[in-house]
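Participant: Just so you know, the sequences run in chain order A and B.
Per the numbering used here, residue 1 is the first one in the first sequence, and the count goes up by one each step.
Per the numbering used here, residue 1001 is the first one in the second sequence, and the count goes up by one each step.
Questions regarding the structure given below will be posed in turn.
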Amino acid sequence: MPKQTTNVLIVGVGGQGTLLTSRIIAQVAVQMGYDVKVSEIHGMAQRGGSVVSQVRYGEKVYSPIIKKSDADILLAFEKLEAARWLDYLKPGGKVIINDERVDPLPVMSGKLKYPVDIDKRIANLIPDTTIVDATRMAEECGNSRAANVVLVGMLAAAINIPAEEVENAIREMVPAKALEVNLKAFREGQKYLSATLNRL
Amino acid sequence: MKKLMIGNEAIARGAYEAGATVATAYPGTPSTEIVSTFADYEGLYAEWAPNEKVALEVGVGASIGGARTLVAMKHVGVNVAADPLYTFSYTGVNAGLVLVSADDPGMHSSQNEQDNRGYGRFAKMPVIEPADSQEALDFTRLAFDISEEFDTPVMLRVTTRLSHSQTLVETGERVEVGLKDYKKDAPKYVMLPGFARLRHVEVEKRILQLKEYAETTELNRMEWGDKSIGIITSGVSYQYLREVMPEVSVLKLGMVNPLPEKLIRSFAAEVDRLIVLEELEPVIEEQLKAWGLKVEGKELFTLLGEYSPEMIEEVLLGISSRKGSGLDQEIPPRPPLMCPGCPHRGVFHTLKKMKLHVMGDIGCYTLGALSPLDGMDACVCMGASIGMSLGMEKANGEDFARKVVAVIGDSTFVHSGITPLIDVVYNQGTSTVIILDNDTTAMTGHQDHPATGKTIRNLPTRKLDLPALVKAIGIEHVRIVDPLQLDEFRQTLEEELNRREASVIIAKRPCALLVKKAPDKEFYVDPELCKSCKLCIKIGCTGIYWVEENRKAVINPNTCVACGLCPQVCTFEAIKIVEG
Ligand code: SF4
Ligand code: SF4
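In structure tokens, the structure reads:
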């Protein structure tokens, strides 16, 4: 078991399902025997605001929140949120960005601009960046709402946690009727990231 | 195997294991999940009370009646419950009572960041502060014993970060403590002056005994390390500190009131530099200073907001914030906003158009204060809107009141809007009050309340009839309208504002998140008809957005729930139903 704590930062927009993702990853870390802490946001920010969940696991974890420049991986459900939280990534960390744009209010109303090519610019700054259209992949699996589980698959591949454990956690947390789609979505996500890694 | 639990679930579990049979609360972030989790344990009593004062009073009765009782609320809720709390401290308990105060440093979801450890000092009751979910469970269990042993309510003080962080917990078995015998004991429980004077003597004795207890309790512990710095801390700050300075000497306080003076002095004597690390107010620091100890605290750490590991690292180790990516200047903020289809949007759109002075209240609709709706003049605390509107009128006269409305949610109205409405009637105000009745307590995650007709366990109960209640108070003009029927809503509002009598408009439509069925139609913007006026954009719905390239509005079919608001706002009838 690595002594070092692994820090996973999951960011997105309220309502995108970041909570389920962090809970699945945390559950797997528990099953693997790690000390685990997760920090979540409830309440007002969930109404369409910028949300973050933080998962930390290792031999012994103190703080439930991740320091700036300390995240091993940043998983963003939305492009702009990836940029907002980028300072939390440690040098040499990985970024996974869902190719989804959700305009915040100042952009929708035309007051501010959604920064152009923000995902590509992140990719230029951070060599280990993967951009994925998880919503489309989830659609192909049978339900666009499983996009968060596609991202779980990618995350699992990126931080090297065993697939069976994740699948068990998904079985526990996802209602029976949505299970098949979700397992499929998970495997697709995993495959996608592994394929990208092999290309590097 | 150990389980992950958020702090709030662990507190509920601790109360369950301690044998509690009654739990009561009014929902409020970050405390809500405590009693909603307790309600999942079968065979025990759990309730949503109409407000925190009632919750605590039910708790007082249950405790005197012999049941171990858990009462939970957010920090500002304790203000509402402060009246029974201070005197309950005098009567003491029969069976143990634990009051959870969930503070919100950083104001993630609150209107202030008061530090409720102060209540412990004023009410002379023990305050216990856990630092992770395991401690939340263990300390809650122990708090019931302390409550009974010292005949006092006990405050368990937590913060948002503890309430909403999951950490590993080993659960235990429930102890069936049963009910304590109830015996009438008027000198103990009837607080009229003659009896209360005697109880005050007991309170002072009790706090001295608790001081002794604090010296030896396992709640407080010393962790020796490098003695050049010794840090006294509590709660989640302890975890941040350990994260960045694993080697320093620490006195970790689990009991933050009363403080263990001897223990602290002995710790201080061993270390070269003594520092208190506490989020928010210098509650511990000031007591140490009063004892004449040389200690640093708020000259190092801020009084503002939530702490973090990097903040402590910066202050104590001089490691300053690491270099940024340089992207941050151009990232537009993403404030929270009302959901697509939210009934409140129709109300705030209208208030803005009519240029009214809006006395606001606490709930999702407080978001109506933000751009682009910009629809609120003042918002202070639960229930304040109605009293404020009356005050505005009494200061500025009846003519001015024709431009003032109070806006309050259904749950908030039941919480503390009824008595100010009585004041309006009694003192002949002419206020116009809009009750936003969306049939739930939405902001905190959709809890039931007396006017939804369902209990905490989703069982049917007698439904509070809001129109009948308002009429019984003496309001003669009560109107019920759908806030998304803009013309009708506006006309109603104009009529009631013009009337020189008090009136209540119930803007009735369920919260958009409660509507489970898919929309029966779809809208689009006809680019031929769209005249680029942006009126529809100014309602601030994520279902419709602006495309600068061709200067047209566009509906996003994935987020629009076809509530029909923006088509009414568009004066060119450019927003149409997709045929077929
Ligand atoms: S949760 Fe309900 S009340 Fe709150 S913003 Fe959404 S629709 Fe409106
Ligand atoms: S109809 Fe208009 S206001 Fe209503 S949800 Fe759709 S875009 Fe928003």
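Glycine included, each C-beta is placed from N, C-alpha and C at the ideal position.
At 9 Å on the CB atoms, spell out the chain A contacts of H1415 of chain B, in chain order.
Facilitator: Working through the second sequence from its first residue, we reach residue 1415 of chain B at position 415. Proximity of chain A to H1415 of chain B at the Cβ level (cut-off 9 Å) is not reached, the minimal Cβ distance being about 17 Å.
Participant: Could you tell me whether any non-hydrogen atom of ligand 1 is closer than 6 Å to the CB of N1438 of chain B?
Facilitator: The residue given as residue 1438 of chain B occupies position 438 in the second sequence. At least one heavy atom of ligand 1 sits closer than 6 Å to the Cβ of N1438 of chain B.
Participant: At the level of alpha carbons, what is the spacing between A1442 of chain B and L1208 of chain B?
Facilitator: Translated into the one-based positions of the second sequence, residue 1442 of chain B becomes position 442. Translated into the one-based positions of the second sequence, residue 1208 of chain B becomes position 208. Distance between the alpha carbons of A1442 of chain B and L1208 of chain B is about 44 Å.
Participant: Could you please tell me which residues of the stretch 134-152 of chain A, in chain order, have their CB closer than 7 Å to any CB of chain B?
Facilitator: none
Participant: When DSSP labels each residue in this structure, what does G93 of chain A get in the three-state scheme?
Facilitator: For the purposes of this step, residue 93 of chain A is identified with residue 93 of the first sequence, where counting begins at 1. The answer is strand: DSSP assigns G93 of chain A an E or B state.
Participant: Kindly indicate which three-state DSSP category G1368 of chain B falls into: helix, strand or coil?
Facilitator: On the second sequence, position 368 is the one that residue 1368 of chain B refers to. Helix.
Participant: Go ahead and pull the three-state DSSP assignment for E1223 of chain B.
Facilitator: Taking the first residue of the second sequence as 1, we reach residue 1223 of chain B at position 223. If DSSP states are grouped into helix, strand and coil, E1223 of chain B belongs with the strands.
Participant: Any beta-carbon of chain B closer than 7 Å to the one on P127 of chain A?
Facilitator: For the purposes of this step, residue 127 of chain A is taken as the residue at position 127 of the first sequence. No, P127 of chain A does not count as interfacial toward chain B.
Participant: Name the DSSP beta bridge partners of T1581 of chain B, please?
Facilitator: Because chain B is modelled from 1001 through 1580, residue 1581 of chain B falls outside the range shown and cannot be assessed.
Participant: So who's on the other strand from Y57 of chain A, going by DSSP bridges?
Facilitator: Here the question's residue 57 of chain A lines up with position 57 in the first sequence. In the DSSP assignment, Y57 of chain A forms a beta bridge with A:T6, A:V36.
Participant: Report the rounded CA-to-CA distance for A83 of chain A versus E1057 of chain B, giving the unit in angstroms.
Facilitator: Numbered from its first residue, the first sequence carries residue 83 of chain A at position 83. Numbered from its first residue, the second sequence carries residue 1057 of chain B at position 57. So the alpha carbons of these two residues sit roughly 49 Å apart.
Participant: Is it the case that the CB of L1484 of chain B approaches a heavy atom of ligand 1 more closely than 6 Å?
Facilitator: Mapped onto the second sequence, residue 1484 of chain B falls at position 484. The answer is no for L1484 of chain B.
Participant: Give the DSSP-derived three-state secondary structure of F1523 of chain B in the structure shown.
Facilitator: Translated into the one-based positions of the second sequence, residue 1523 of chain B becomes position 523. Correct three-state label for F1523 of chain B: strand.
Participant: Using a Cβ cut-off of 7 Å, pull out every chain B residue sitting near L105 of chain A, in sequence order please.
Facilitator: The sequence position of residue 105 of chain A within the first sequence is 105, counting from 1. P1335, L1337, G1540, listed in chain order.
Participant: Along the chain, where does the alpha helix (DSSP H) that runs through M1311 of chain B open and close?
Facilitator: Locating residue 1311 of chain B in the second sequence gives position 311, counting from the first residue. Per DSSP, M1311 of chain B belongs to the alpha helix (DSSP H) from 1309-1317.
Participant: Rank A:I122, A:K113, A:L105, A:T5 by C-alpha distance to the C-alpha of L1327 of chain B and give the top, closest one.
Facilitator: Within the second sequence, the letter at position 327 stands for residue 1327 of chain B. Ranking the options by Cα distance to L1327 of chain B, first place goes to A:I122.
Participant: Look at the alpha carbon of P1534 of chain B and the alpha carbon of F1523 of chain B, and state the distance between them as a whole number of angstroms.
Facilitator: For the purposes of this step, residue 1534 of chain B is taken as residue 534 along the second sequence, with counting starting at 1. For the purposes of this step, residue 1523 of chain B is taken as residue 523 along the second sequence, with counting starting at 1. A small fix is needed here, since residue 1534 of chain B is Lys in this sequence, not Pro. Their backbone Cα atoms lie some 17 Å apart in a straight line.
Participant: So does the stretch 150-164 of chain A actually touch the stretch 1003-1022 of chain B, counting three or more Cβ pairs closer than 8 Å?
Facilitator: no
Participant: Excluding the five sequence neighbours on either side, which residues of its own chain have a C-beta within less than 7 Å of the C-beta of Y1041 of chain B, listed in chain order?
Facilitator: Position 41 of the second sequence holds residue 1041 of chain B. Once the five neighbours on either side are set aside, the close Cβ partners of Y1041 of chain B are Y1016.
Participant: Sort out for me which residues DSSP pairs G12 of chain A with in a bridge.
Facilitator: Your numbering for residue 12 of chain A matches position 12 in the first sequence. Within the DSSP secondary-structure output, G12 of chain A pairs in a beta bridge with A:V51.
Participant: Can you name, in chain order, every residue of its own chain whose Cβ lies under 8 Å from the Cβ of Y1545 of chain B, other than the five neighbours on each side?
Facilitator: Taking the second sequence and counting its residues from 1, the one referred to as residue 1545 of chain B is at position 545. Once the five neighbours on either side are set aside, the close Cβ partners of Y1545 of chain B are I1537, A1553, V1554, N1556.
Participant: Tell me where the alpha helix (DSSP H) around R1013 of chain B begins and ends.
Facilitator: Against the second sequence, residue 1013 of chain B aligns to sequence position 13. Looking at the DSSP string, the run of the alpha helix (DSSP H) that includes R1013 of chain B is 1007-1017.
Participant: At which residues does the beta strand (DSSP E) containing L1277 of chain B begin and terminate?
Facilitator: Translated into positions along the second sequence, residue 1277 of chain B becomes position 277. 1273-1277 is the extent of the beta strand (DSSP E) around L1277 of chain B.
Participant: So if DSSP puts A1378 of chain B in a beta bridge, which residue, or which two residues, is it bridged to?
Facilitator: For the purposes of this step, residue 1378 of chain B is identified with residue 378 of the second sequence, where counting begins at 1. Under DSSP, A1378 of chain B forms a beta bridge with B:M1359.
Participant: If I'm right that L1493 of chain B touches R47 of chain A with Cβ under 8 Å, what's the distance once you round it to whole angstroms?
Facilitator: Position 493 of the second sequence holds residue 1493 of chain B. Position 47 of the first sequence holds residue 47 of chain A. Not quite, the Cβ-Cβ distance comes to about 25 Å (not below 8 Å), so this is no contact.
Participant: Less than 7 Å separating the beta-carbons of P1420 of chain B and I1473 of chain B?
Facilitator: As a first step, residue 1420 of chain B is located in the second sequence; it is residue number 420 there, counting from the start. As a first step, residue 1473 of chain B is located in the second sequence; it is residue number 473 there, counting from the start. Going by C-beta atoms, P1420 of chain B is not nearer than 7 Å to I1473 of chain B.
Participant: Can you name the residues that DSSP bridges to R1157 of chain B?
Facilitator: Here residue 1157 of chain B is taken as the residue at index 157 of the second sequence, counted from 1. Answer is B:S1101, bridged to R1157 of chain B.
Participant: Kindly provide the ranges of any alpha helix (DSSP H) runs that are 4 or more residues long and lie completely inside the stretch 1501-1576 of chain B, ordered along the chain.
Facilitator: 1565-1569
Participant: Answer yes if the stretch 1237-1246 of chain B comes into contact with the stretch 1196-1206 of chain B, meaning at least three C-beta pairs across the two stretches below 8 Å, and no otherwise.
Facilitator: no
Participant: Could you check if S1320 of chain B is buried or exposed, using at least 16 other CB atoms within 10 Å of its CB as the buried criterion?
Facilitator: For this step, residue 1320 of chain B is matched to residue 320 along the second sequence. Classification for S1320 of chain B: exposed.
Participant: Taking DSSP as the reference, what is the three-state secondary structure of L125 of chain A?
Facilitator: The count along the first sequence starts at 1 and reaches residue 125 of chain A at position 125. In this structure, L125 of chain A counts as helix in the three-state DSSP scheme.
Participant: If we ignore side chains and look at the alpha-carbon of each, how far apart do K1403 of chain B and H1415 of chain B end up?
Facilitator: Numbered from 1 along the second sequence, position 403 holds the residue referred to as residue 1403 of chain B. Numbered from 1 along the second sequence, position 415 holds the residue referred to as residue 1415 of chain B. Whole-angstrom Cα-Cα distance: 26 Å.
Participant: Give me the Cα-Cα distance between D1181 of chain B and G1235 of chain B, rounded to the nearest whole angstrom.
Facilitator: Within the second sequence, residue 1181 of chain B is the residue found at index 181, counting from 1. Within the second sequence, residue 1235 of chain B is the residue found at index 235, counting from 1. So the alpha carbons of these two residues sit roughly 36 Å apart.
Participant: Closer than 8 Å by beta-carbon distance: list the chain B residues that pair up with D87 of chain A, in chain order.
Facilitator: Stepping through the first sequence from its first residue, residue 87 of chain A is reached at position 87. Simply R1322, G1324, S1325, D1328.
Participant: When you compare the CB positions of K94 of chain A and I66 of chain A, do they come within less than 7 Å of one another, or not?
Facilitator: Locating residue 94 of chain A in the first sequence gives position 94, counting from the first residue. Locating residue 66 of chain A in the first sequence gives position 66, counting from the first residue. Not closer than 7 Å, so no.
Participant: So W1546 of chain B contacts chain A; which residues on that side make the cut at Cβ distance below 7 Å?
Facilitator: Mapped onto the second sequence, residue 1546 of chain B falls at position 546. The CB of W1546 of chain B comes closer than 7 Å to the CB of M108, S109, G110 in chain A, given here in chain order.
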